[in-house]
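Residue numbers (my numbering), protein chains in the order written: chain S, 2 to 204; chain C, 2 to 204; chain E, 2 to 204; chain G, 2 to 204.
Ideal Cβ placement from N, Cα and C applies to all residues, glycine included.
Nothing here was measured: the structure is a model prediction, and the numbers come from that model.
Here is the structure we will look at.
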DNA sequence: CATGAATGAGGGTTCATTCAT
DNA sequence: AATGAATGAACCCTCATTCAT
């Protein structure tokens, strides 16, 4: 019995903790790390400020944690989408589609990861670099593989991946600024994929 | 008597203002808008805090001004480089080269413009969007022109420009992180240009 | 659980807020609005500076609030004293007596209201004028009533009230400067009342 | 020759100094001691800030000096008006008239002396008390004299003078708040004088 | 004499964090 | 677990004052 109640309690605690983290992601995404105050977060989460410090050691650590988790989520989603396809064109298209899906369904994820204010938090510099590297790697792997299979000509795969990583992020951010993002989703996926294939000389 | 001396000191004052602005750019570039304090700036400039407020109305206005000026400088440099060439490949190469030159000579310029923390300053949101638009336009114009001249096939010029704008920024930022940036400059310019030409199907 | 303790602590919080307000009144009364710093207040109240801003939005709003409250208290006290008497002489005497009582028991009240520095706070100009008007009205009402009842001859009641309002304030302030204020209280009340009655030709 | 030029220079200097002092009186009268900045004064006087410190040791000393001078001017004017008349009623009327004249012609004088913000400048407390004493004395002297001559019955002359001093100040300040002050000047002088005479039982 | 660039103490305010309840 | 009162370092900015020119 005691075990059960502990179990229940833990679940409740985890639930609350998770809820607060989701709230925090939204607040950080909307206001940025510096402009978002701990009070903003607890107000939006309808808890007292002390509760925040019961669940998290401090603002910076929470943000770091959130950043890591969010980055992992995005990277995993993209990896799954890309790796789940057999051919290079399908891989690219699936990656772009997955990225845009996340942007439309969870815009806060993208805003947290892509909209700056992150570089200036010392403890986050390394984490951010790791994220960029991983993101670039997601685009690079299929390219290098396609080169190996001579589906596309030899080329600087790393550089191509960097450009595509930065370029797709830009497309995503611009898409999120549009009021009718959903309406142009399909065309954006198509045109972006077309661009990518051509850019690596895939025919 | 007073007039002459005023005339003379006017230049000195302007020189000092400029010097302080350069210092401010460096500090803002390094720490970001929020983490950079006015005290940081005046310490680095070796002046008293009151001197800052003698030259500038406040931190935010200065940053806005710096951002605008820096953006103008970068955009002008790129426009000149691109517009000074006759053919599409030369235009792209010149643009990339100019961008990288600035990154190597004035890294603070790039860090100020590209490293976030800007979106969360309300008065800067519009300015930042304007900058991104102008930057994209610089890459888009030659593309659209090349389409018109049938040097490259019809395609979504706007989207291509967005991807290239974001992609080249990513390349630049990655380049700046490298300790031997100058050594790989040439190869980076070449490979990036090659990528761009292929991406829009230019042969 | 939380609720009960909230209920209990609510009272404590209110008590502390009140205590801090009383401290603030003293400090403002002694130094004036401008010379009194928030740090002065919290030092005298033995709390940290953050505590001030936990209880009050800012220095100016607190002062405004204190001024209004203090003015209301003084005006109410005088009104009660005056309205509680049936005849004109008793009314005047009761008003003067009440005023002097407050001056002796709560000198800070008088200093806050009468010692200037208030006119130069834009948001307070209107409040101060309202206070002077109300104060004058307190003296004017019995006079006008006495005129109506032909207990005193027709005369400019408004002007008489203005002079008495300013005159009695002067007497109060002079009284507070005396080291042996209590000793001469009785005589002051008597002589002032006599003066007032004669001034409006009451016999 | 040298002497002459020195003389001329001195006159010029005195003229400038005087002009700056008049400007300062206006600024202090309008904004109060604390809200008025040295920069406000020099801007209005069209001189550099250094010039201020050439003529005056510091802000506080200047204000003290201005206060003394202004107080002297007002007291002298009132004394002359009162002493120049032979009978008690004429004296009172002349005093009131003179006071109102100054208020209408040189409102800054009255605002500087009467509108608070003065009590909170430590070095001015004594000066202000002296001024109030002198002002009261001006009203008291004729009263005491009238008592001695049995033109009015025995009474507390000091207290009567205090009330009149404070009361007349109040009338003056209220008058200055009116937009059509000049129009009601005559009636105000008459009614105030009538009040005063009756208040000391003069028939 | 006059100028105005330069100084820095000090003021109001914010906000991450602690801890007694 | 949860609360929220309390803390104080640190921030941005003002303004009286100085001094080299």
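Alpha-carbon spacing of residue i relative to residue j, whole angstroms
i: residue 177 (chain C); j: residue 131 (chain S); result: 16 Å
i: residue 48 (chain G); j: residue 187 (chain C); result: 59 Å
i: residue 136 (chain S); j: residue 25 (chain S); result: 24 Å
i: residue 202 (chain C); j: residue 133 (chain S); result: 28 Å
i: residue 34 (chain S); j: residue 74 (chain C); result: 29 Å
i: residue 66 (chain E); j: residue 8 (chain C); result: 52 Å
i: residue 184 (chain C); j: residue 62 (chain C); result: 38 Å
i: residue 70 (chain E); j: residue 39 (chain E); result: 19 Å
i: residue 190 (chain S); j: residue 148 (chain C); result: 21 Å
i: residue 200 (chain C); j: residue 141 (chain C); result: 13 Å
i: residue 175 (chain G); j: residue 161 (chain G); result: 21 Å
i: residue 214 (chain G); j: residue 72 (chain C); result: Only positions 2 to 204 of chain G appear in this structure, which leaves residue 214 (chain G) out of reach.
i: residue 159 (chain G); j: residue 11 (chain E); result: 52 Å
i: residue 198 (chain G); j: residue 197 (chain E); result: 12 Å
i: residue 58 (chain E); j: residue 44 (chain E); result: 18 Å
i: residue 180 (chain G); j: residue 106 (chain G); result: 14 Å
i: residue 168 (chain C); j: residue 168 (chain S); result: 4 Å
From the options, residue whose alpha carbon lies closest to that of residue i
i: residue 173 (chain S); options: S:32, S:55, S:57 and S:98; result: S:98
i: residue 86 (chain E); options: E:123, E:113, E:146 and E:154; result: E:146
i: residue 16 (chain C); options: C:46, C:38, C:124 and C:149; result: C:46
i: residue 153 (chain G); options: G:195, G:196 and G:89; result: G:89
i: residue 122 (chain S); options: S:167, S:64 and S:159; result: S:64
i: residue 164 (chain C); options: S:179, S:193 and S:182; result: S:193
i: residue 259 (chain S); options: S:101, S:180, S:58 and S:59; result: Examination of residue 259 (chain S) is not possible in this model, given that chain S is present from 2 through 204 alone.
i: residue 195 (chain C); options: S:60, S:106 and S:157; result: S:157
i: residue 204 (chain G); options: G:151, G:60 and G:14; result: G:151
i: residue 60 (chain G); options: G:77, G:76 and G:124; result: G:124
Beta-carbon proximity list for residue i, same chain, < 7 Å, skipping 5 on both sides
i: residue 120 (chain S); result: 126 and 129
i: residue 170 (chain E); result: 115
i: residue 81 (chain S); result: none
i: residue 83 (chain G); result: 92, 95, 96, 139 and 143
i: residue 22 (chain E); result: 67
i: residue 56 (chain G); result: 18 and 21
i: residue 42 (chain C); result: 24, 25, 28 and 53
i: residue 104 (chain E); result: 111, 173, 176 and 177
i: residue 155 (chain G); result: 148
i: residue 182 (chain S); result: 105 and 176
Heavy atom of the ligand NAP within 6 Å of residue i beta-carbon
i: residue 97 (chain S); result: Absent from the structure shown: the ligand NAP. Ligands present: none.
Own chain, CB closer than 6 Å to residue i, minus 5 neighbours either side, in chain order
i: residue 20 (chain E); result: none
i: residue 166 (chain G); result: 136, 137 and 140
i: residue 76 (chain G); result: 135
i: residue 14 (chain G); result: none
Own chain partners of residue i with C-beta closer than 8 Å, once the 5 adjacent residues on each side are dropped
i: residue 31 (chain S); result: 37, 109 and 112
Using a Cβ cut-off of 7 Å, which residues of the stretch 33–67 of chain E contact any Cβ in chain G, in chain order?
Listed by position, the residues of the stretch 33–67 of chain E near chain G (Cβ gap below 7 Å) are 33, 35 and 36.
Relative to chain S, which residues along the stretch 82–110 of chain C have a C-beta separation below 8 Å, given in chain order?
Within the stretch 82–110 of chain C, no residue has a Cβ that lies closer than 8 Å to any Cβ of chain S.
Tell me which residues of the stretch 156–170 of chain E have at least one Cβ-Cβ distance to chain G shorter than 8 Å, keeping chain order.
The stretch 156–170 of chain E vs chain G, Cβ under 8 Å: 156, 157, 160, 161, 163, 164, 165, 166, 167, 168, 169 and 170.
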